[in-house]
DNA sequence: CTTCCCAGCGCG
DNA sequence: AAAGCGCGCTGGGAAG
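Residue numbers (my numbering): 21 to 587.
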């Protein structure tokens with residue numbers, strides 16, 4: 021059975037926007053009975069009753085339907101997100117050329133043509149705690165009939181795929197991710213405001229009045245003005261700073277920290293210090309705390325599939341860039357621990373699996389893949405092996421990284437071979453795909469235009485643009501497949517946590533996800549179980565995606581009382 | 001005044 | 001030590 025909660029305005033839902041329309045349907049998406057309108061208050065009961073069978077909830081946008089459900093006390097087992105699935109199918113090389121898929125591709129082109137025009141901006145809740153109902157982006161208020169219609173088209177497209185099993189897994193994992201993203205937003209990362217303030221005070225001095233510079237920054241500015249003999253300049257302005265440096269005889273082309281580092285001048289050290297502290301103040305200072313932390317929780321919004329490769333993006337508070345400096349403020353509640361787990365060297369392991377490179381798989385057998393590579397081809401030098409591997413996956417051409425890559429090619433011809441193939445495909449304007457079938461976009465009209473050149477000057481430019489796309493597609497096959505593995509890992513984690521909870525054991529909840537790392541806010545009495553769940557989920561993710569392969573995807577787990585201790 | 005782009009830096 | 005992938009956010013400054 022399939023149930024379709026619909027936004028108000030969709031046919032039978034009530035006027036006040038507080039009701040859901042539930043339409044039971046069979047596995048093909050065909051309705052099997054009359055639609056029911058359920059108020060928010062009755063929702064938990066209705067969901068429980070529906071989930072006595074194996075059901076999948078279907079909606080346009082998970083966040084706009086599921087966030088109000090969670091607030092009403094109803095969580096669900098499985099869903100199908102029509103928008104996320106639509107995005108995958110519209111690009112996937114694995115999707116068949118059905119009428120539905122072709123129509124998606126046509127409208128994708130018009131989206132591209134529309135690029136540059138202002139997009140519809142939607143009202144967002146002004147505080148993370150005030151969730152508005154049905155703030156979904158278009159297509160707003162589609163009828164249940166329309167939802168079911170599209171569900172049928174999507175299920176048919178997946179069933180008709182040449183790589184049906186893989187695409188099915190991708191679509192399921194993407195929707196599971198959508199549930200997890202909303203649940204993590206609802207849960208929030210436990211965040212101690214008092215500790216955060218202590219950190220700020222330690223680095224910057226007492227909290228300044230509105231808009232004023234903190235004491236420590238003010239001190240550094242005074243010092244810099246003196247050292248650069250420039251009584252009025254403002255180091256926050258890159259232009260002013262560059263001029264001031266030049267006048268002091270420091271010949272830099274930019275004001276980047278790494279470039280400044282190469283110069284010897286008494287002003288350099290305090291300037292680097294200023295940049296570091298100024299960054300902390302503007303990005304994660306008191307304003308950040310006031311804006312993004314409420315009632316002991318940091319609640320970012322996660323954008324599933326927000327990155328072309330299928331990685332998640334986030335909105336609000338820079339959730340995926342929390343600097344080391346402030347991680348100490350992430351602390352568990354009493355009776356809890358933070359369990360922080362990350363997949364060790366996920367991307368090269370993915371490469372080994374994708375290429376079925378048994379030599380690389382052998383290096384991946386141990387906990388430390390880079391050491392394994394180093395022992396075979398780099399005289400045990402782990403740092404060199406790592407730089408070489410990253411260079412191969414990113415397309416480095418110069419520097420130490422570029423020089424070391426050929427050494428890898430000799431030992432791992434299959435692995436390097438598929439990277440090279442992906443790069444050549446991209447340079448020629450072709451499409452590449454992840455293991456499960458997430459494909460990159462076709463080149464833009466502008467890109468194709470740039471390739472049609474005549475003069476030698478234009479040709480050099482065209483080649484450079486082509487190589488840029490080659491580096492993108494080279495990396496795409498790795499990053500996108502790694503994102504899929506992480507998604508499967510998350511989904512398995514969630515499944516096991518829920519099943520333990522259903523058996524009466526509260527083990528904890530997922531509260532944060534960062535590409536290849538997860539954080540759980542865990543019951544301190546169930547840490548052993550949590551760790552086992554984390555490890556079993558990783559093994560199951562590997563099996564689900566690749567079947568029985570001789571590659572281990574190692575996870576490292578830290579059980580801590582502060583996020584700062586996780587690494 | 002608002003809107004847009006860039007430089008710079010944080011994360012993986 | 002640093003040039004090669006993917007992002008979000010901030011402040012400055014130019015453009016409108």
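Glycine included, each C-beta is placed from N, C-alpha and C at the ideal position.
1. Rounded C-beta distance between residue 356 and residue 542? I'm assuming under 8 Å.
2. Alpha carbon to alpha carbon, what distance is there between residue 325 and residue 104?
3. Are residue 87 and residue 209 closer than 7 Å when you measure CB to CB?
4. Kindly indicate the opening and closing residues of the beta strand (DSSP E) around residue 397.
5. Verify whether the separation of the beta carbon atoms of residue 593 and residue 340 is less than 7 Å.
6. What does DSSP give as the partner residue(s) for residue 334 in the beta ladder?
7. Whole-angstrom Cβ separation of residue 358 and residue 397, contact assumed at under 8 Å?
8. Taking residue 505 as part of the beta strand (DSSP E), name the residues at either end of that continuous run.
9. Going by DSSP in three states, residue 234 sits in which element: helix, strand or coil?
10. Taking the continuous beta strand (DSSP E) assigned at residue 404, which residues delimit it?
11. What residue from 280, 239 and 247 has the CA that sits closest to residue 258's CA?
12. Using a Cβ-Cβ cut-off of 6 Å (strictly less than) and excluding sequence neighbours within five positions of residue 470, which residues of its own chain qualify?
13. When you compare each of 233, 50, 494 and 458 to residue 175 by their alpha carbons, which one comes out closest?
14. Please work out which residues of its chain come closer than 7 Å, Cβ to Cβ, to residue 574, disregarding the five sequence neighbours upstream and downstream, and give them in chain order.
15. Near residue 147, what residues of its chain come up, given a Cβ to Cβ distance below 7 Å and the 5 sequence neighbours on each side ignored?
16. Quick check: residue 424 and residue 408, are their CB atoms within less than 7 Å of each other?
17. Look at the Cβ atom of residue 576, then the Cβ atom of residue 348, and state whether they are nearer than 7 Å.
18. Could you say which of 458, 448, 477 and 456 lies nearest to residue 468 if we only look at CA atoms?
19. Classify residue 547 as helix, strand or coil using the three-state DSSP reduction.
20. What does the alpha-carbon distance come out to for the pair residue 567 and residue 391?
21. Taking DSSP as the reference, what is the three-state secondary structure of residue 527?
22. Just the Cα atoms here: how many angstroms apart are residue 115 and residue 185?
23. Can you tell which of 225, 211, 196 and 558 has the C-alpha that lies nearest to the C-alpha of residue 352?
24. How about residue 442 and residue 452: are their beta carbons less than 7 Å apart?
25. Can you tell me the Cβ-Cβ gap for residue 171 and residue 100, rounded? I've got them flagged as a contact below 8 Å.
26. Using the beta-carbon count (16 or more within 10 Å), is residue 182 buried or exposed?
27. Buried or exposed: which applies to residue 273, given that a residue is buried once 16 or more other Cβ atoms fall within 10 Å of its Cβ?
28. According to DSSP, simplified to helix, strand and coil, what is residue 64?
29. Check the DSSP bridge columns for residue 83 and list the partner residues they point to.
30. Comparing C-alpha positions only, which one of 586, 238, 579 and 419 sits nearest to residue 546?
31. Pick from 445, 554 and 504: whose alpha carbon is nearest that of residue 458?
32. Which term fits residue 319, buried or exposed, when burial requires 16 or more other beta carbons within 10 angstroms of its beta carbon?
33. Residue 321: which of 84, 417, 500 and 77 sits nearest, CA to CA?
34. For residue 384, name the three-state secondary structure that DSSP assigns.
35. Check whether the stretch 287-305 touches the stretch 225-241, counting contact only when three or more Cβ pairs, one atom from each stretch, lie closer than 8 Å.
36. Just to confirm my understanding: we take residue 330, look at its own chain, exclude 5 residues before and 5 after, and list those with CB closer than 6 Å. What are they?
Reading off the structure:
1. Rounded, the Cβ-Cβ distance is 6 Å, consistent with contact.
2. Cα to Cα, the separation comes out at about 7 Å.
3. The answer is no: Cβ separation not under 7 Å.
4. First-last for residue 397: 389-397, but that is the alpha helix (DSSP H), not the beta strand (DSSP E).
5. With the chain represented from 21 up to 587, any question about residue 593 goes unanswered, as that position is not in the structure.
6. In DSSP, residue 334 forms a bridge with 322.
7. Going by Cβ atoms, the distance from residue 358 to residue 397 rounds to 38 Å, so no, they are not a contact pair.
8. Unbroken run through residue 505 is the alpha helix (DSSP H), 476-522; no beta strand (DSSP E).
9. Coil, per DSSP.
10. Unbroken run through residue 404 is the alpha helix (DSSP H), 402-414; no beta strand (DSSP E).
11. Just measuring C-alpha positions, the residue of 280, 239 and 247 sitting nearest residue 258 is 280.
12. Excluding sequence positions up to five before and after residue 470, its CB lies within less than 6 Å of the CB of 482 and 485, all in the same chain and listed in chain order.
13. Shortest Cα-Cα distance from residue 175 to any of 233, 50, 494 and 458 involves 50.
14. Hits under 7 Å: 364 and 387.
15. With a pLDDT of only 33 at residue 147, under 50, the local geometry of the prediction cannot be trusted, and the value read off the model is given with reservation. For residue 147, where only same-chain residues beyond five positions count, the Cβ hits under 7 Å are 314.
16. Contact check for residue 424 against residue 408 passes: the beta carbons are separated by less than 7 Å.
17. No, they are not a contact pair.
18. The residue with the shortest Cα to Cα distance from residue 468 is 448.
19. In the structure shown, residue 547 falls within a helical segment according to DSSP collapsed to helix, strand and coil.
20. Distance from the CA of residue 567 to the CA of residue 391, rounded to the nearest whole angstrom, comes to 26 Å.
21. In the three-state reduction of the DSSP assignment, residue 527 falls in the coil class.
22. Taking the Cα positions, residue 115 is about 12 Å away from residue 185.
23. Distances from the alpha-carbon of residue 352 to those of 225, 211, 196 and 558 put 211 closest.
24. For residue 442 and residue 452, yes; Cβs fall inside 7 Å.
25. That pair is a contact at about 7 Å.
26. Exposed: under 16 other Cβ atoms inside 10 Å.
27. With fewer than 16 other Cβ atoms within 10 Å, it is exposed.
28. Here DSSP, grouped into helix, strand and coil, assigns residue 64 to helix.
29. None; residue 83 has no bridge partner.
30. Considering only alpha carbons, the answer is 579.
31. In terms of Cα proximity to residue 458, the closest of 445, 554 and 504 is 504.
32. With 16 or more other Cβ atoms from the protein chains shown falling within 10 Å of its own Cβ, residue 319 counts as buried.
33. Minimum Cα distance to residue 321 is reached at 84.
34. Looking at residue 384 - three-state DSSP - the assignment turns out to be coil, as it is neither helix nor strand.
35. Using a Cβ-Cβ distance cut-off of 8 Å, the stretch 287-305 and the stretch 225-241 are in contact, since at least three pairs of beta carbons, one from each stretch, lie closer than that value.
36. When the five nearest sequence neighbours on each side are left out, the beta carbons in the same chain lying within less than 6 Å of the beta carbon of residue 330 are those of 458, 500 and 503, in order along the chain.
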